[in-house]
């Protein structure tokens, strides 16, 4: 799984204003997957695993991450969280 995530997201390394970190990508992936695949949270509109919900989140993640200046993880303590920026 680590190798797949690295292959999936390594291509954005050149456009990131910060150092690429596979560990951060994995943390972000886990957070994003919880929103799509958790039966205990209300479903997000149009984000279902069987309808390519993870792929959609990955695409948004790749587009938004370079503009954030940091990892997607919303537990980062400064200002507006990246999750708030894409919702």
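Numbering (my numbering), first residue to last: 131 to 217.
Here a beta-carbon is modelled for each residue, glycine too, at the ideal position from N, C-alpha and C.
These numbers were taken from a predicted model, which means no experiment stands behind them.
Under the DSSP assignment, residue 133 falls in the alpha helix (DSSP H) whose first and last residues are 132-139. In the structure shown, the three-state DSSP call for residue 165 is helix. Looking at the backbone, the Cα of residue 186 and that of residue 148 are separated by about 23 Å. The alpha-carbon separation between residue 189 and residue 182 amounts to approximately 11 Å. Here DSSP, grouped into helix, strand and coil, assigns residue 196 to helix.
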